[in-house]
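To keep things clear, I will list the structure first and then write my remarks on it.
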Amino acid sequence: MEVVYWNYIIAHSITAFSYLGIPIVIAVLFSRTKANVPSQFWLAFFLSGAFILFCGFHHVLAIFEPHMQMSLLHLGVLNIMAFISLSTLIWLMPTAYQIVEVIAKFQEDARQLQRSQQMQHLFLDQGPFGAYIKDEQSRVIYYNQEIQSKFLVGPLEWLGKTDREFLPDPEEGRQVMENDQIVLKSQRPLKLIEEVKIPGSKQPYYWLSFKFPFNDHTTGERRIGVISIDITESVEAQRQIVDLSRQLEQKTLILEAKNQQVTYLSDMVNMLYTCESEDEVYQVVALTCTKLFPSMSGCINIIANSKNYVEMKTSWGGEKQSKEVFSQSDCWALRRGKLNLLSPHNMGLICSHLKQPISGSHLCVPLLGQVEVLGFLHIHTLEEIGAEEQQIAEIIAKYLALALNNLLMKQRLTHDNLRDGLTQLFNPSYMQTITEQRLAEAERLGQTLGVVFLDIDNFKGYNSRYGHLTANIAIKALAKQLLKSIRSFDIACRWGGDEFVIIMPNVTQETLTERVEQLRLEISQMQVEDGDQILASITASFGIAISEPGITVKDLLHRANQAMLEAKRTFKNQVAVYTSTHH
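Sequential numbering of the sequence shown, starting at 748, is according to the working numbering.
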């Protein structure tokens, strides 16, 4: 009996402990998981809990039953408990089915949530992007496989560390952590491009990072989530595009500069063709060189007509680096007939016309004429003179030499067209043209223009006595005397045969008479020689006339001619002034 008794006691104790422990375990479970009981199941859970508790109390009372009489109260409680248990079971039978359905749905939702979480982990771990999570101190608490493969780290190596601890560049890590704090403080997502240096790689990576704040519902702490996409290829492609654009821009600028050079050279050629003097040619070339070589200086050096020396005609830029007058042998370009370059990277021949001390680069380009070298173009700069500058300088020298040749030919043709072949005085055609210009200028300035008409006395007899060739010597001697006696701006011409005309601007009748009288004496005293033979002296008769307002060149010349004829009709070898009585 003793064994049965203790088995009875132990069985009821264990059963009571189990019944009473179930609500406690459920309460702890709900409090820990913070789960909520659906409102429609509150009564069912309450009645079930009450039933379980009553069952537990029943077994507790049963433990003490052998030692005490069963009272009516005990029996009543047991009956009430039995009734409640039966009622609860009957009432919960339809509800139990709903509970089973809810539990099944909950289990299905749990499975779906687990699958979703698994998919999320697969997405984060195996996605082609970097993903990591940090705490409020920017310590890494998660990073995916892309991060591991990019930085060659294990899955636990970076956990608990900040960017400053594992990135090669601490400054770069500090900047990343500052961006993290911006996200935490603003509680707003941040999109930015981060430059990241990876250990063992010289080339940086560029990541397009999306940083966003969120709360960990499990712990309630704030977190920083980061999704980073590797855009290194895009950045490099963009850089290549920028580099190509820069190269294209540079080539465009170079092309524009070359076009500008062509324009300058074309303008120079056009202007050179219209130059009427050497000074104009030098001015045009100097201006062009200033435009084409803005950082350089230079000069144009021309061989003198006597061929005894070289003279600097014009210069541009800074201080002159060449002597102004020197010998032809002082320039190697003149001696060799081709350009001579002296520079720090091209130790060429040193020209003696360069001033000491010699510095920078010097380029001498000869001006090659059709028959002979005319001079040379000299260019100086403190920097190196490249092949392109040399080519441009040669082009300039070529057209400069061509312009000087053309100008020389033009002057020769003009001289032949304007000059008398025997005396080299102006011919009648030019004399009439220039007289019209001077007459108009005199009227505009309120001045007078003097005209002198002279004829050699008895020249037919002189010609018969000595012959035509010898008589020409006398004509040439008279022409030479005319050029020697008149002013530099007076104009002397051979009218024809033994007749000559002199145009004297800005002169009064009294002054003109005095000068012509002096000229008459000089001609009469002139000694004419033909080799060792002294020829008979010659005389001339002169007629002068002074312009009046409104008079024409024809009338003015006619008046001077009439005065000259009057002088020849009287005594010859004299000066006659035109008066109205000569009509």
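We put the CB at the ideal spot given by N, CA and C, even for glycine.
Start and end residues, beta strand (DSSP E) containing L1110: Its beta strand (DSSP E) spans residues S1108 to L1115.
Span separating the alpha-carbon of L1081 from that of V1120: So the alpha carbons of these two residues sit roughly 7 Å apart.
Per-residue burial, F1289 [other beta carbons within 10 Å of its own, 16 or more giving buried]: Buried, because 16 or more other Cβ atoms sit within 10 Å of the Cβ of F1289.
Cβ distance (whole Å) where E1025 is taken to contact L1172 below 8 Å: Contact doesn't hold; Cβ gap of about 24 Å is too wide.
Boundaries of the beta strand (DSSP E) in which I940 is found, first to last residue: Note, I940: beta strand (DSSP E), L937 to V943.
Cβ pair count under 8 Å reaching 3, the region 1064-1084 against the region 1005-1022: The region 1064-1084 is not in contact with the region 1005-1022.
Straight-line Cα distance separating P1296 from I1250: Distance between the alpha carbons of I1250 and P1296 is about 17 Å.
Test item: CB-CB of A1292 and A1307 under 8 Å: In this structure, A1307 lies closer than 8 Å to A1292 by Cβ.
Cα-Cα separation between V1028 and Q1138, rounded to whole angstroms: Roughly 20 Å separates the two Cα atoms.
Nonlocal neighbours in the same chain, by C-beta distance under 7 Å from D1245, ignoring five residues either side: Answer for D1245: D1202, I1203, F1206 and I1222, listed in chain order.
Beta-carbon gap between T1061 and I1047 smaller than 8 Å: In this structure, I1047 lies closer than 8 Å to T1061 by Cβ.
Beta-carbon contacts of Y1146 that lie in its chain and below 7 Å, excluding the five residues immediately before and after: The beta carbon of Y1146 sits closer than 7 Å to those of M1015, V1016 and L1019, all from its chain and outside the five residues before and after it, given in chain order.
Per-residue burial, T1258 [other beta carbons within 10 Å of its own, 16 or more giving buried]: For T1258, the number of other beta carbons within 10 angstroms of its own is below 16, and it is reported as exposed.
For N1205, the first and last residue of its enclosing beta strand (DSSP E): Per DSSP, N1205 belongs to no beta strand (DSSP E) and is neither H nor E.
Status (buried if at least 16 other CB within 10 Å, exposed otherwise) for M817: Confidence at M817 is low in this model, with a pLDDT of 48, below 50, so the placement of that residue is unreliable and no value is reported for it.
Distance, K944 Cα to I976 Cα: Straight-line Cα distance between these residues: approximately 15 Å.
Check whether E904 and P875 have beta carbons under 8 Å apart: Taking 8 Å as the Cβ cut-off, E904 and P875 do not qualify as a contacting pair.
Nonlocal neighbours in the same chain, by C-beta distance under 8 Å from D963, ignoring five residues either side: Excluding residues within five positions, the ones whose Cβ falls inside 8 Å are R969 and R970.
C-alpha gap between T762 and W753, whole angstroms: Distance between the alpha carbons of T762 and W753 is about 14 Å.
Contact check, H1109 vs Q1068, beta carbons under 8 Å: Yes.
Cβ-based neighbour list, N727, same chain, cut-off 6 Å, excluding 5 preceding and 5 following: Since the first and last residues shown for the chain are 748 and 1330, residue 727 lies out of range.
Simplified DSSP assignment, three categories, for M817: Since pLDDT at M817 reaches only 48, below the 50 mark, its modelled position is unreliable, and the value read off the structure follows with that caveat. In this structure, M817 counts as coil in the three-state DSSP scheme.
V914 and N926 closer than 8 Å at C-beta: Here residue 914 is Leu; the residue named in the question, Val, does not match the sequence. No; because the gap between Cβ atoms is not below 8 Å, this pair is not in contact.
Boundaries (first-last residue) of the beta strand (DSSP E) holding D977: Residues R969 to D977.
Rounded straight-line distance, which links the Cα of I1097 to that of Q1103: Taking the straight line joining both Cα atoms gives about 11 Å.
Residues that W1063 bridges to, as DSSP identifies them: G1045.
Sequence-distant residues of its chain with Cβ nearer than 8 Å to R1316 (five each side left out): Take R1316, set aside five residues on each side of it, and no residue of its chain has a beta-carbon closer than 8 Å to its own.
First and last residue of the uninterrupted alpha helix (DSSP H) at C1036: E1025 to L1039 is the span of the alpha helix (DSSP H), which, as asked, contains C1036.
Assigned secondary structure, V1322 (DSSP; H/G/I helix, E/B strand, else coil): Residue state, collapsed to three classes: strand.
Cα-Cα separation between D990 and T999, rounded to whole angstroms: A straight line joining the alpha-carbon of D990 with that of T999 spans about 14 Å.
C-beta contact flag for S1327 and L1186 at 8 Å: Cβ atoms of S1327 and L1186: not closer than 8 Å.
G1278 burial status per 10 Å Cβ neighbour count (16 or more: buried): It counts as exposed.
Contact under 8 Å by Cβ, G1122 with V1057: The Cβ atoms of G1122 and V1057 lie closer than 8 Å to each other.
Classification of P936 by the beta-carbon crowding that lies within 10 angstroms, buried from 16 upward: Answer is exposed; the Cβ neighbour count stays below 16.
Stretch pair the region 1265-1279 + the region 1175-1190: three plus CB contacts closer than 8 Å: Between the region 1265-1279 and the region 1175-1190 there are fewer than three C-beta pairs closer than 8 Å, too few to call the two in contact.
7 Å CB neighbourhood of I929 in its chain, flanking five on each side removed: So the list reads L937, once near-sequence residues are dropped.
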